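A short worksheet on the structure shown next.
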Amino acid sequence: MDAPVDSAEIEGIPAEEAFAILGNETRLEVLRTLWEAEGPCSFADLRRKVAPGDKGNFSYHLGKLTGHFVRKTDEGYVLRFAGEQVVRAVLAGTITSDPSIPPDTTSERCLYCGGTVEMVYDEEVISVRCTDCGGALGDGYPDGTYMHYEFPPAGLVGRGREEIIDAAHVLYDSKIAPMMKGVCPECAGRIAVSHDVCPDHETGDSGLCPECDTRYEVWSRYECENCLYSRRTVMWFAALNHPAVIAFFHRRGLDEKVPLRKLTSDNARFVRDITETAVETDPYRFRVTVPVDGDTLVVSLDENLDILSVDHGASETG
Ligand SMILES: [Zn+2]
Ligand SMILES: [Zn+2]
Ligand SMILES: [Zn+2]
């Protein structure tokens with residue numbers, strides 16, 4: 007067993023102190039200037055750019071940043087990863103802007119029913135819904151919703167509605183992928199996974215189940231033990247990580263880099279009829295059935311969503 011490293015080795019400054027360090031314009035300007043610099047910046051260079059005519063405060067502020075957000079090297083000052091992350095958060099636009107896009111229809115089609123799809127962006131959240139069926143999420147979301155999550159404002163720039171939806175799918179999958187392998191995409195912390203299983207799942211005409219008010223029987227929540235970043239996903243997303251499933255799709259025409267976008271009209275025929283169920287509850291064992299063009303794959307997963315087996319099932323009869 008790989009023993010955890012001693013927490014004493016990874017202790018740093020308290021969060022309050024880190025926030026306090028950043029609460030100053032000169033210091034943020036230092037981070038921005040180092041970000042824009044081609045390479046390491048000497049003290050004199052940095053002072054000339056950030057605080058020309060400064061009498062001594064600059065040195066104090068730079069000292070506060072050094073160690074935590076900025077590193078002093080023989081060649082000059084450079085950003086540490088933490089400093090880069092601060093600048094990136096600003097560049098993502100979530101701190102500096104609050105754009106919104108009013109609800110409007112798109113040329114995207116609903117993967118479930120082929121109906122018209124509407125998209126809206128507000129409070130840094132993109133929401134996509136079908137105007138003709140129940141979508142995937144009932145409870146608390148507008149009718150027909152099947153995508154609803156945070157998307158940084160910078161992602162809106164230079165993209166049309168359909169491109170934004172597409173980018174949101176890509177971003178979602180790229181955040182979920184490391185979480186499915188136990189690593190937080192935001193802080194690299196450890197991920198815990200838990201499940202919500204609907205005990206009497208049955209979907210009606212709208213595609214939603216009256217009991218759980220969603221399309222899917224099993225939902226999984228991935229949460230970081232450190233920063234509490236969390237994502238709730240349809241459990242069967244995990245089944246699509248197996249190379250046998252990708253090969254199955256590929257032989258039937260999937261032509262997309264993995265991880266493939268899930269709830270899109272492009273990939274509708276691969277994912278539209280997937281079903282999932284809990285075959286045992288203590289501990290959980292799950293079965294995911296993936297029917298495409300009359301062939302079926304059956305994927306078994308354990309409670310950690312590790313894949314136990316992938317088998318060819320009986321051909322679809324109805
Ligand atoms: Zn629909
Ligand atoms: Zn249900
Ligand atoms: Zn985290």
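Positions 7 to 324 (this note's numbering) are the ones given, in order, by the sequence shown.
Note that the Cβ used here is the ideal one computed from N, Cα and C, for glycine as well.
Values in this document were obtained by computation on a predicted structure and should not be read as measured data.
- Query: With respect to the alpha helix (DSSP H) encompassing LEU52, which residues constitute its N-terminal and C-terminal limits?
  - Reply: To locate residue 52, count along the sequence shown from 1; it is residue 46. 49-56 is the extent of the alpha helix (DSSP H) around LEU52.
- Message: By DSSP's criteria, TRP225 is part of a beta bridge. Which residues make up the other side?
- Response: If you number the sequence shown from 1, residue 225 lands on position 219. DSSP lists ASP202, VAL240 as partners of TRP225.
- Query: Taking only runs of the alpha helix (DSSP H) that begin and end inside the stretch 261-318, which ones reach a length of at least 4 residues, in chain order?
  - Reply: 274-277
- Below 8 Å between beta carbons: does that hold for ARG77 and PHE64? In the sequence shown, counting from the first residue as 1, residue 77 sits at position 71. In the sequence shown, counting from the first residue as 1, residue 64 sits at position 58. The answer is no: Cβ separation not under 8 Å.
- Measuring from the CB of HIS201, is there a heavy atom of ligand 2 at a distance below 7 Å? The residue labelled residue 201 in the question sits at position 195 within the sequence shown. Every heavy atom of ligand 2 is 7 Å or more from the Cβ of HIS201, so no.
- Message: Considering only the alpha carbon of each residue, which of SER212, VAL199, ASN247 lies closest to ARG237?
- Response: As a first step, residue 237 is located in the sequence shown; it is residue number 231 there, counting from the start. It is VAL199 whose Cα lies nearest to the Cα of ARG237.
- Give the straight-line distance between the Cα atoms of PHE25 and TYR222, rounded to the nearest whole angstrom. Position 19 of the sequence shown holds residue 25. Position 216 of the sequence shown holds residue 222. Taking the straight line joining both Cα atoms gives about 41 Å.
- Stretch-stretch touch, CB-based, cutoff 8 Å, three pairs: the stretch 158-170 with the stretch 119-132: yes
- In three-state terms, what does DSSP make of THR100? What you label residue 100 is simply residue 94 of the sequence shown in a count that begins at 1. The answer is coil: DSSP assigns THR100 none of H, G, I, E or B.
- Among GLY99, GLY141, ASP206, ALA88, which one has its Cα closest to the Cα of ALA21? Numbered from 1 along the sequence shown, position 15 holds the residue referred to as residue 21. Taking only the C-alpha atoms, the option nearest ALA21 is ALA88.
- So, TYR155 versus ALA142, is the Cβ gap smaller than 8 Å? For the purposes of this step, residue 155 is identified with residue 149 of the sequence shown, where counting begins at 1. For the purposes of this step, residue 142 is identified with residue 136 of the sequence shown, where counting begins at 1. Not a contact, by the Cβ cut-off of 8 Å.
- Message: Applying the 10 Å Cβ sphere with the 16-neighbour rule, what's the burial state of ASN232?
- Response: In the sequence shown, counting from the first residue as 1, residue 232 sits at position 226. Burial call: exposed.
- Query: What number of angstroms, rounded off, separates the C-alpha of LYS263 from the C-alpha of PHE255?
  - Reply: Position 257 of the sequence shown, counted from the start, is the residue given in the question as residue 263. Position 249 of the sequence shown, counted from the start, is the residue given in the question as residue 255. Taking the straight line joining both Cα atoms gives about 12 Å.
- Complete beta strand (DSSP E) runs within the stretch 127-154 (minimum length 3 residues, chain order): 131-136
- Message: Could you tell me the alpha carbon to alpha carbon distance between GLY324 and VAL203, rounded to whole angstroms?
- Response: Taking the sequence shown and counting its residues from 1, one reaches residue 324 at position 318. Taking the sequence shown and counting its residues from 1, one reaches residue 203 at position 197. With a pLDDT of only 36 at GLY324, under 50, the local geometry of the prediction cannot be trusted, and the value read off the model is given with reservation. Their backbone Cα atoms lie some 26 Å apart in a straight line.
- For my contact list, PRO46 and TYR83 are in at a C-beta cut-off of 8 Å; report their separation, rounded to the angstrom. By one-based count along the sequence shown, residue 46 stands at place 40. By one-based count along the sequence shown, residue 83 stands at place 77. At roughly 6 Å, the Cβ-Cβ gap stays under 8 Å, so PRO46 and TYR83 are in contact.
- How would the residue list near ligand 1 read, in chain order, if you kept each one whose beta-carbon is closer than 6 Å to any heavy atom? CYS116, TYR118, CYS119, GLY121, CYS136, ASP138, CYS139
- Message: Could you check whether the Cβ of TYR235 sits closer than 7 Å to any heavy atom belonging to ligand 3?
- Response: Position 229 of the sequence shown holds residue 235. Indeed, a heavy atom of ligand 3 lies less than 7 Å from the Cβ.
- Task: For VAL96, I'd like the list of residues in its chain whose CB is within less than 7 Å of its CB, leaving aside the five on either flank, ordered along the chain.
- Result: Counting from one through the sequence shown, the residue named residue 96 turns up at place 90. THR102.
- Indicate the three-state DSSP secondary structure (helix, strand or coil) for ARG258 in the structure shown. As a working mapping, residue 258 is identified with position 252 in the sequence shown. ARG258 falls in the coil class under three-state DSSP.
- Query: With distances taken between CB atoms, is the gap from LEU71 to LEU269 smaller than 8 Å?
  - Reply: Within the sequence shown, residue 71 is the residue found at index 65, counting from 1. Within the sequence shown, residue 269 is the residue found at index 263, counting from 1. It is not a contact, given that the beta carbons lie outside the stated cut-off.
- Message: Applying the 10 Å Cβ sphere with the 16-neighbour rule, what's the burial state of GLY150?
- Response: In the sequence shown, counting from the first residue as 1, residue 150 sits at position 144. By the 10 Å Cβ count, GLY150 comes out buried.
- Taking PRO105 as the reference, give the member of HIS67, ARG86, VAL131, ARG257 with the closest Cα. Position 99 of the sequence shown, counted from the first residue, corresponds to residue 105. Of HIS67, ARG86, VAL131, ARG257, the residue nearest in Cα terms is VAL131.
- Message: Could you tell me the alpha carbon to alpha carbon distance between CYS215 and GLY73, rounded to whole angstroms?
- Response: Here residue 215 is taken as the residue at index 209 of the sequence shown, counted from 1. Here residue 73 is taken as the residue at index 67 of the sequence shown, counted from 1. Between CYS215 and GLY73, the C-alpha separation is close to 54 Å.
- In whole angstroms, what is the alpha-carbon distance linking GLU322 and ARG275? As a working mapping, residue 322 is identified with position 316 in the sequence shown. As a working mapping, residue 275 is identified with position 269 in the sequence shown. With a pLDDT of 44 at GLU322, under the threshold of 50, the modelled position of that residue is not reliable, and no figure is offered here.
- Message: I'd like to know whether the C-beta atoms of TRP41 and LEU68 end up nearer to each other than 8 Å.
- Response: Counting from one through the sequence shown, the residue named residue 41 turns up at place 35. Counting from one through the sequence shown, the residue named residue 68 turns up at place 62. Taking 8 Å as the Cβ cut-off, TRP41 and LEU68 do not qualify as a contacting pair.
- Quick one, what's near ligand 2 if you take every residue whose CB is closer than 5 Å to any heavy atom, in chain order? CYS204, HIS207, CYS215, GLU217, CYS218
- Message: Can you find the residues in the same chain that come closer than 6 Å, C-beta to C-beta, to ALA160, ignoring five residues on each side of it along the sequence?
- Response: Translated into positions along the sequence shown, residue 160 becomes position 154. Contacts found: ALA98, GLY99.
- Use the C-beta contact count for THR79: other C-beta atoms within 10 angstroms, 16 or more gives buried, fewer gives exposed. In the sequence shown, counting from the first residue as 1, residue 79 sits at position 73. Under this definition THR79 is an exposed residue.
- Item | Rounded separation between SER271 and VAL92 - CA only | Locating residue 271 in the sequence shown gives position 265, counting from the first residue. Locating residue 92 in the sequence shown gives position 86, counting from the first residue. Their backbone Cα atoms lie some 36 Å apart in a straight line.
- Is GLY188 near ligand 3, going by C-beta to nearest heavy atom under 7 Å? Taking the sequence shown and counting its residues from 1, the one referred to as residue 188 is at position 182. Incorrect: GLY188 has no Cβ contact closer than 7 Å to ligand 3.
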